[in-house]
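Once you know that position 334 of the sequence shown is 334 in our numbering, the rest is easy, because the numbers rise by one and skip nothing.
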Amino acid sequence: MYKEMGKMKKRLLLLYTGAALLAGLLYGCSGKVPASGEKVVTEATEEKENKTQSEEAVLEQLAKGDRKVSADELADYGSGTALIDAEEPGQMTYSLVMPQIPESDDAYFYLFTAECYEDMQELSGDPEVIWEKGKISEVSFDYEEEYLFRKFIPALLVEGRYVPAGRGVYLSNPEVLAENQDSYPDIESKKGVLLDPTMLGTKELTELEVKHTIYNMPLSILMGETTDEDYPTIVYTFEGKEYHFNGKVVNDYDGLFSYLETMGMCSTAVVLNDWNNAYMEMIHPKARDQKSGAYYYMFNTEEEEGVKTLEAVAEFLAQRYSGGEHGMVHNWVIANEINQFKTWNYMNTKDLVYYVQEFEKSFRIFYQAIKSKYANARVYFSIDHDWNSNHGNNKNYFNARELLAAFNDAARAHGNYDWGIAIHPYPEPLTRVNYWSSENDKTQDAEVLTIMNLSVLTDLLGQEEYLDTEGEMRSITITELGFSSRSGEKLQAAAFAYCYFIVDANPHIDAFILNRQTDAPEEVVSGLAFGLYEYNHSEKYLKEVFRYIDTDRAQEYIEFMLNILGAESLEEALSWAE
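As structure tokens, this is what we get:
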């Protein structure tokens with residue numbers, strides 16, 4: 001049965017029932033009534049009949065509507081919004097706007113819900129709620145937990161079947177559900193670093209006065225049963241099904257994020273879908289090729305089992321790290337450099353729109369879960385520096401500019417939300433350190449997005465169609481960028497200092513997280529010695545510059561930096577990147 005009947009149908013049922021009862025009372029026994037009462041009964045009956053006929057005429061007119069709309073046109077005809085009542089989170093409202101009232105079999109709209117893997121064109125079963133048609137209409141009903149990840153789809157009854165009358169939209173304000181309503185931390189500095197876990201709790205980390213940190217979370221090590229009896233498997237129940245998480249690995253993350261919270265650092269976690277034979281349902285059917293050589297793979301949003309497992313993982317992580325005894329994650333990055341689909345988010349397709357639509361579904365799942373636990377968390381996906389460099393050939397990667405446009409379209413199609421961008425604006429090539437000496441195209445046609453032409457990105461995101469739900473610029477953060485010391489430690493330090501000053505002066509960039517605290521051997525062999533420390537933990541010149549760059553002592557390093565840059569003043573140097 002329907003969860004809630006429309007008000008008009010209820011009124012009609014009462015009218016018909018009342019009329020039948022009245023007739024039974026008047027004529028069911030003797031068939032006679034006093035002459036004095038006959039006039040009263042006749043007038044009351046006529047009044048009810050006239051009211052019924054009037055309402056029937058209204059319903060008939062609503063069924064007829066203002067115009068006949070084809071099923072294809074109907075699919076995009078209405079514009080809906082689904083909101084939880086901020087005052088009463090147990091209630092929600094769905095609003096629908098139509099250009100005109102379409103013709104249908106009756107006078108009502110029907111609201112269905114569907115998971116991201118379900119075909120919205122095949123609506124079956126009972127609708128969640130029905131209500132009277134109108135150009136502008138809304139209906140309120142009880143919120144159910146299952147709605148968090150479901151689309152709300154308006155429909156009409158046409159020739160005996162339900163036909164979508166607008167695009168499905170997701171719940172627009174999951175943050176209302178969050179137990180943690182704390183504000184996002186007001187961080188006094190934009191300085192951050194990719195941590196070396198072996199330095200946690202040591203002066204090599206604490207004396208750096210880091211304000212932003214980042215850490216990877218490969219799902220293959222998180223999911224599954226533990227092999228350490230001291231840390232039992234964590235059993236998490238989601239929608240009646242049990243999911244297993246490695247107790248030892250989760251405990252390690254608990255310790256990490258709790259420590260970083262205690263140290264006053266703003267933590268970012270990067271969720272990575274690496275290969276896992278035990279959980280193949282997590283990988284998209286078009287990405288199940290381990291021979292591809294990719295590091296990470298597209299999430300599975302095409303199949304029910306994959307989607308349900310993904311929802312469970314998202315709920316588990318969001319709930320555990322939204323503040324409390326297990327620590328706090330303020331920012332989440334979902335996947336890595338998604339425009340590099342051959343390497344960092346593998347999927348066997350060259351179809352940009354299809355690829356992005358599949359990714360956006362998985363991103364939205366994480367977003368809904370995270371925001372429903374910590375209202376002011378920030379959720380990002382990342383892109384690299386290849387802005388326009390593939391010249392129309394999607395064989396190996398997608399242009400970041402085109403991917404952003406496609407993601408924005410996919411997101412808005414099902415309700416705008418506050419996604420953010422994590423960028424990796426390395427020089428080209430990655431081994432280049434004196435990035436300021438190269439030409440930097442500052443138009444939308446730029447091939448590469450670097451620290452010297454960030455206006456290319458901010459100009460795009462400043463356009464009206466890219467703004468967030470409050471009409472503001474989206475959150476942008478640099479979650480990976482580094483400069484190699486192979487060309488000289490002082491050159492590396494100057495490159496970092498100049499980059500930091502550029503970011504610090506840019507009101508649109510929230511943070512600059514350096515790659516990395518300690519050199520990684522696998523990168524060093526390629527000439528990429530990005531760390532503050534050598535692999536053996538010996539300090540580089542960069543370490544002291546990094547330590548003081550956001551303090552009163554920053555002035556001590558400006559002259560040395562300007563001499564290497566060849567600039568007369570910091571203002572002149574900053575003007576090069578405007």
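The C-beta atom is built at its ideal place from N, Cα and C for all residues, glycine as well.
| Exposure of E571, with buried meaning 16 or more beta-carbon neighbours within 10 Å | What you label residue 571 is simply residue 571 of the sequence shown in a count that begins at 1. Under the 10 Å beta carbon count, E571 is surrounded by fewer than 16 other beta carbons and is classified as exposed.
| message | Comparing C-alpha positions only, which one of A511, Y253 and L62 sits nearest to Q100? | response | The residue labelled residue 100 in the question sits at position 100 within the sequence shown. Closest option to Q100, Cα to Cα, is L62.
| task | Give a yes or no on contact between the segment 170-186 and the segment 121-128, applying the rule of three or more CB pairs nearer than 8 angstroms. | result | Contact between the segment 170-186 and the segment 121-128 is absent, because fewer than three Cβ pairs lie under 8 angstroms.
| message | Once DSSP output is grouped into helix, strand and coil, what is the label at C116? | response | Here residue 116 is taken as the residue at index 116 of the sequence shown, counted from 1. C116 falls in the coil class under three-state DSSP.
| task | Go through its chain and collect everything with a Cβ distance to V545's Cβ below 7 angstroms, but skip five positions before and after it. | result | Reading the sequence shown from its first residue, position 545 is the one you call residue 545. So the list reads A493, F496, A497 and Y557, once near-sequence residues are dropped.
| field | Sequence-distant residues of the same chain with beta carbon closer than 7 angstroms to N388, five excluded per side | value | The count along the sequence shown starts at 1 and reaches residue 388 at position 388. So the list reads N399, R401, D445, A446 and E447, once near-sequence residues are dropped.
| query | Three or more beta-carbon pairs under 8 angstroms between the segment 279-294 and the segment 346-355, yes or no? | reply | Contact between the segment 279-294 and the segment 346-355 is established, with three or more Cβ pairs separated by less than 8 angstroms.
| query | Residue range of the alpha helix (DSSP H) that T458 falls in? | reply | For the purposes of this step, residue 458 is taken as residue 458 along the sequence shown, with counting starting at 1. Where T458 is concerned, the enclosing alpha helix (DSSP H) stretches over S455 to L461.
| Between K190 and the rest of its own chain, which residues show a CB-CB distance below 8 angstroms, the 5 nearest in sequence each way excluded? | Within the sequence shown, residue 190 is the residue found at index 190, counting from 1. Here the set comprises K211, H212, Y500, V503, D504, I509, D510, A511, F512 and D550.
| request: Identify which residue in A406, C266, M263 and D384 has its Cα closest to the Cα of K361. | output: Working through the sequence shown from its first residue, we reach residue 361 at position 361. For the residues A406, C266, M263 and D384, the minimum Cα distance to K361 belongs to A406.
| Given S137 as reference, the closest of M98, K490 and C116 once Cα atoms are compared | Taking the first residue of the sequence shown as position 1, residue 137 is located at position 137. The shortest C-alpha separation from S137 is found at M98.
| field | Cβ pair G80, P154 closer than 8 angstroms | value | Numbered from its first residue, the sequence shown carries residue 80 at position 80. Numbered from its first residue, the sequence shown carries residue 154 at position 154. The Cβ atoms of G80 and P154 sit closer than 8 angstroms to each other.
| query | The beta strand (DSSP E) spanning A269 covers which residue range? | reply | Position 269 of the sequence shown, counted from the first residue, corresponds to residue 269. C266 to L272 is the extent of the beta strand (DSSP E) around A269.
| request: Have a look at G28 and S104 and give me their C-alpha separation to the nearest angstrom. | output: Sequence index remark: in the sequence shown, residue 28 carries index 28 (1-based). Sequence index remark: in the sequence shown, residue 104 carries index 104 (1-based). Only weak support exists for where G28 lies, its pLDDT of 36 falling under 50; the value from the coordinates is given anyway. Near 39 angstroms, if we compare the C-alpha coordinates of S104 and G28.
| Exposed or buried, G420, counting other C-beta atoms within 10 Å across all chains shown (16 or more means buried)? | As a position in the sequence shown, residue 420 is number 420, starting the count at 1. By the neighbour-count rule (16 or more Cβ atoms within 10 Å), G420 is buried.
| task | Would you kindly report the start and end of the unbroken beta strand (DSSP E) that includes E132? | result | Residue numbering aside, residue 132 sits at position 132 when the sequence shown is read from its first letter. E132 -> beta strand (DSSP E) spans V129 to E132.
| Leaving out the 5 sequence neighbours to the left and right, which residues in its chain are closer than 7 angstroms to F152 when beta-carbon positions are compared? | As a working note, residue 152 is residue 152 in the sequence shown. Within the same chain, F152 has close Cβ partners G80, A82, Y94, L111, T113, G168 and V169.
| Beta carbon of M217, beta carbon of L272: below 8 angstroms? | One-based indexing of the sequence shown puts residue 217 at position 217. One-based indexing of the sequence shown puts residue 272 at position 272. Cβ atoms of M217 and L272: closer than 8 angstroms.
| request: Work out the CA separation of I187 and L205 for me, nearest whole Å. | output: Start at 1 with the first residue of the sequence shown, and residue 205 comes out as number 205. Start at 1 with the first residue of the sequence shown, and residue 187 comes out as number 187. Their backbone Cα atoms lie some 18 angstroms apart in a straight line.
| request: Tell me where the beta strand (DSSP E) around T479 begins and ends. | output: Indexing the sequence shown from 1 puts residue 479 at position 479. Segment I476 to L481, the beta strand (DSSP E) holding T479.
| field | Buried/exposed call for K540, threshold 16 Cβ in 10 Å | value | Position 540 of the sequence shown, counted from the start, is the residue given in the question as residue 540. Residue burial is scored here from C-beta neighbours: K540 has at least 16 other C-beta atoms within 10 angstroms and is therefore classed as buried.
| said: Run through the DSSP bridge pairs and tell me what K151 is partnered with. | reply: Numbered from 1 along the sequence shown, position 151 holds the residue referred to as residue 151. Paired residues: A114.
| request: Starting from A314, trace the alpha helix (DSSP H) both ways and give me its first and last residue. | output: Counting from one through the sequence shown, the residue named residue 314 turns up at place 314. Unbroken alpha helix (DSSP H) run through A314: E304 to R320.
| query | For R67, which residues does DSSP report across the bridge? | reply | In the sequence shown, the residue the question calls residue 67 occupies position 67. P102.
| query | Out of curiosity, what's the CA-to-CA distance linking R378 and E337? | reply | What you label residue 378 is simply residue 378 of the sequence shown in a count that begins at 1. What you label residue 337 is simply residue 337 of the sequence shown in a count that begins at 1. Between R378 and E337, the C-alpha separation is close to 17 angstroms.
| query | Using the beta-carbon count (16 or more within 10 Å), is G247 buried or exposed? | reply | Against the sequence shown, residue 247 aligns to sequence position 247. By the neighbour-count rule (16 or more Cβ atoms within 10 Å), G247 is buried.
| request: Pair every Cβ in the segment 276-285 with every Cβ in the segment 322-342, then say whether three or more of these pairs are closer than 8 angstroms. | output: Judged by Cβ distances under 8 angstroms, the segment 276-285 makes no contact with the segment 322-342, as fewer than three pairs qualify.
| query | On the three-state DSSP scale, how would you describe V525? | reply | Working through the sequence shown from its first residue, we reach residue 525 at position 525. Coil, per DSSP.
| Pairwise C-alpha distance: S475 and H385 | Position 385 of the sequence shown holds residue 385. Position 475 of the sequence shown holds residue 475. Taking the straight line from one Cα to the other gives about 18 angstroms.
| request: Within 10 angstroms of the Cβ of P34, are there 16 or more other Cβ atoms? Answer buried if so, exposed if not. | output: Residue mapping note: residue 34 aligns to position 34 of the sequence shown, counting from 1. At P34 the pLDDT is 36, less than 50, meaning the model places this residue with poor confidence and gives no usable figure here.
| request: Use the C-beta contact count for K241: other C-beta atoms within 10 angstroms, 16 or more gives buried, fewer gives exposed. | output: One-based indexing of the sequence shown puts residue 241 at position 241. By the neighbour-count rule (16 or more Cβ atoms within 10 Å), K241 is not buried but exposed.
| field | Close beta carbons around G160, own chain, < 8 angstroms, minus the five adjacent residues each side | value | Taking the first residue of the sequence shown as 1, we reach residue 160 at position 160. Around G160: D105.
| request: Helix, strand or coil for F530, going by three-state DSSP, please let me know. | output: Numbered from 1 along the sequence shown, position 530 holds the residue referred to as residue 530. Secondary structure of F530 (DSSP, three-state): coil.
| query | What do you reckon, are the CB atoms on T479 and A529 nearer than 8 angstroms? | reply | Locating residue 479 in the sequence shown gives position 479, where the first residue counts as 1. Locating residue 529 in the sequence shown gives position 529, where the first residue counts as 1. No, they are not a contact pair.
| So who's on the other strand from N180, going by DSSP bridges? | As a first step, residue 180 is located in the sequence shown; it is residue number 180 there, counting from the start. For N180, DSSP records a beta bridge to Y374.
| Through-space distance from G482 to D196, alpha-carbon basis | Counting from one through the sequence shown, the residue named residue 196 turns up at place 196. Counting from one through the sequence shown, the residue named residue 482 turns up at place 482. Distance between the alpha carbons of D196 and G482: 15 angstroms.
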